[in-house]
Amino acid sequence: MVHTPLTQTLTTLNLCDNSIGAKGVQALGNALQINKTLTTLDLRSNKVGAKGAQDLANALQINKTLTTLDSGINQIGDQGAQDLANALQINKTLTTLDLAANQIGAKGAQDLANALQRAQDLANALQINKVSTISVLLPLHFTSLHHYTLFTQTLTTLDLAVNQIGDQGAQHLANALQINQTLTTVDLGNNEIGAKGAQYLANALQINKVTIILVLLPLHFTSSFTQTLTTLDLFNNQIGAEGAHHLANALQINK
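The numbering of the sequence shown is numbering that gives the first Met the number 0, which starts it at 0 and goes up by one.
Here it is in structure tokens:
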């Protein structure tokens, strides 16, 4: 009887709350660069730190199978968020990233927001200027327009709850939401976001994409720029009546 090695069949690994630390994550990161079956990895509450986040980021730039990564409650800070943001610009398979309770501030939120925008900016550039741009980046057989999807962002769920991104971080993420076309769920609960931050997010939800598209693209491309966000969690912030008013106005426009 032939036995299949565990490493060839395992798709989900839950190591939540095991204090594996940065050294343990380094070993896992090395394995992820080789493994071709694991799709879900839960590392919540493992004292990963910024160094561990860097090792995970390095793995994500190579791994092509992992779709869900939970690295919540791991003290990765802004540096760890930056490293993971860099990985998101390269990784094409991750759809769910949980970074809740990681001491991420406005700077880390900015780096993540930039990552969410850059992939989409490149995709849009390839649509608008497909001949001169693509011919520089890709072999000739990739020049048809539909291949721009190779560069689009795949992340659909981003959990940043219980961090300290504040109004400034909310602004950075709001800017990204105006451009990103794949995110459907964003959790910003308990993030010291006030009325100003709520206004930034409200503006992102109600931005008029039609006018922008008509200037940039032919009419038949307009459907690809519709709003995709379906869930926005802002629990336990300080948005107050003014912030609620901004969000209410956005809900009247966002459809």
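Don't be surprised by glycine CBs; every beta carbon is placed ideally from N, CA and C.
Does DSSP put residue i in a helix, a strand or coil?
i: residue 35; result: coil
i: residue 71; result: coil
i: residue 236; result: coil
i: residue 13; result: strand
i: residue 24; result: helix
i: residue 104; result: strand
i: residue 180; result: coil
i: residue 188; result: coil
i: residue 171; result: helix
i: residue 223; result: Any reading at residue 223 is ruled out, since the residue's pLDDT is 37, under 50, leaving its predicted position unreliable.
i: residue 40; result: strand
i: residue 274; result: Not covered by the structure: residue 274. The range shown for the chain is 0 to 254.
i: residue 96; result: strand
i: residue 83; result: helix
i: residue 205; result: helix
i: residue 255; result: The first residue shown for the chain is 0 and the last is 254, placing residue 255 beyond what the model contains.
i: residue 55; result: helix
i: residue 115; result: helix
i: residue 228; result: coil
i: residue 50; result: helix
i: residue 157; result: strand
Could you tell me which of the options sits nearest to residue i, measuring between CA atoms?
i: residue 186; options: 199, 159 and 54; result: 159
i: residue 16; options: 29, 31, 40 and 10; result: 40
i: residue 56; options: 96, 36 and 175; result: 96
i: residue 180; options: 116, 198 and 199; result: 116
i: residue 203; options: 166, 113 and 177; result: 177
i: residue 301; options: 165, 155 and 229; result: This structure cannot settle anything about residue 301, because the visible part of the chain is limited to 0 through 254.
i: residue 87; options: 67, 100 and 230; result: 67
i: residue 112; options: 99, 85 and 94; result: 85
i: residue 76; options: 233, 100, 196 and 199; result: 100
i: residue 155; options: 19, 35, 171 and 184; result: 184
i: residue 251; options: 205, 234 and 232; result: 205
i: residue 228; options: 114, 23, 182 and 34; result: 182
For residue i, which residues of its own chain have a beta-carbon under 6 angstroms away from its beta-carbon, when the five flanking residues on both sides are left out?
i: residue 194; result: 238, 239, 241 and 242
i: residue 58; result: 28, 31 and 32
i: residue 196; result: 166 and 169
i: residue 173; result: 199, 200 and 203
i: residue 49; result: 75, 76, 78 and 79
i: residue 191; result: 163 and 165
i: residue 19; result: 45
i: residue 91; result: 153
i: residue 171; result: 108, 109 and 112
i: residue 114; result: 84, 87 and 88
Once you ignore the five residues that flank residue i on each side, which residues in its own chain have a CB closer than 7 angstroms to its CB?
i: residue 201; result: 245, 246, 248 and 249
i: residue 14; result: 41, 42 and 45
i: residue 9; result: 36 and 37
On the premise that residue j lies in contact with residue i, defined as a C-beta separation below 8 angstroms, what is that separation, rounded to the nearest angstrom?
i: residue 102; j: residue 74; result: 6 angstroms
i: residue 153; j: residue 65; result: The Cβ separation is near 11 angstroms, so there is no contact.
i: residue 21; j: residue 47; result: 6 angstroms
i: residue 37; j: residue 71; result: Rounded, the Cβ-Cβ distance is 18 angstroms, inconsistent with contact.
Exercise. Given 8 angstroms as the limit, is there contact between the segment 43-53 and the segment 107-115, that is, 3 or more CB pairs closer than that?
Worked result: Touching, no, given that fewer than three Cβ pairs across the two stretches are closer than 8 angstroms.
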